[in-house]
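Undergrad: Take any residue in the sequence shown, count from 1 to its spot, add 18: that is its number in our numbering.
Ideal placement from N, C-alpha and C gives every residue a C-beta, glycine not left out.
Submitted below is the structure of interest, expressed as structure tokens.
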Amino acid sequence: MEYRHTQIGWTITAVMLAILVFLLWTAGKVGQLGLFGSIFLLFFGALTILFCTLNARVDDESIVVSFGPGLISRRVPLSEIESVAVYRLPWYAIAYGLRMNLKGTRQLWRVSGKWTVDLKLSGDRELFVGTDQPEALEAVITSAIEQLPRRR
19 MEYRHTQIGW
29 TITAVMLAIL
39 VFLLWTAGKV
49 GQLGLFGSIF
59 LLFFGALTIL
69 FCTLNARVDD
79 ESIVVSFGPG
89 LISRRVPLSE
99 IESVAVYRLP
109 WYAIAYGLRM
119 NLKGTRQLWR
129 VSGKWTVDLK
139 LSGDRELFVG
149 TDQPEALEAV
159 ITSAIEQLPR
169 RR
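The structure is reproduced here in structure tokens:
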């Protein structure tokens, strides 16, 4: 059994592309981009590529979440997951990308939408995975956990 899903962050992509177009338009008006403009252009281009999508993959052993082409990713063994639940983020939760608390025990991976799958992990840790298919992801993770050999 394997589950794969890619969620596109349309808002993040649109904002980043608007910034890139503005930088290029400004460079055309001024006649040159300059060092600062070039660095800015490369920075926002890299951010657009890195954070335009969120990929979730569940197999028989783990769940892997990654942004964009997969340079930023996290693998969690299914054996570390203690519970799984669908969670609706409050209206004021506007954080996109990768967010974590100061202790690093709670992480949010999100590119769009208001739904996450909340994974309670061993060691008092939590991982919130943003998705536009929360029920499907929850069901796949729950099913994969149930198929694991029983812990002693």
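1. Mapping DSSP to helix, strand and coil, what is Arg170?
2. Assign Thr71 to one of three DSSP states: helix, strand, or coil.
3. What are the boundary residues of the beta strand (DSSP E) that Met34 is part of?
4. DSSP three-state label for Val135, please.
5. Span of the beta strand (DSSP E) holding Val104?
6. My output table needs one value for Ile81: the three-state DSSP class, helix, strand or coil.
7. Locate the beta strand (DSSP E) running through Glu153, then write down its first and last residues.
8. Alpha carbon to alpha carbon, what distance is there between Ser97 and Arg170?
9. Kindly indicate which three-state DSSP category Ser130 falls into: helix, strand or coil?
10. Using a 10 Å radius around the Cβ and a threshold of 16 neighbouring Cβ atoms, would you call Trp109 buried or exposed?
11. Taking Glu144 as part of the beta strand (DSSP E), name the residues at either end of that continuous run.
12. What residue range does the beta strand (DSSP E) around Met118 cover?
13. Taking buried to mean at least 16 other C-beta atoms within 10 Å of its own C-beta, is Pro152 buried or exposed?
14. Buried or exposed for Ala103, going by 16 or more other Cβ atoms inside 10 Å?
15. Just to check my reading of the structure: Gly115 and Phe69 have Cβ atoms closer than 8 Å, yes? What is that Cβ distance to the nearest angstrom?
TA: Per the coordinate set shown:
1. Note that Arg170 scores 43 on pLDDT, short of 50, meaning its location in the model is unreliable and no value can be drawn from it.
2. strand
3. Segment Trp28 to Val48 is the alpha helix (DSSP H) holding Met34; no beta strand (DSSP E) there.
4. strand
5. Ile99 to Arg106
6. strand
7. Segment Pro152 to Glu164 is the alpha helix (DSSP H) holding Glu153; no beta strand (DSSP E) there.
8. Its pLDDT being 43, under 50, Arg170 is placed unreliably in this model, and the coordinates cannot settle the point.
9. coil
10. exposed
11. Arg143 to Gly148
12. Gly115 to Met118
13. buried
14. exposed
15. 6 Å
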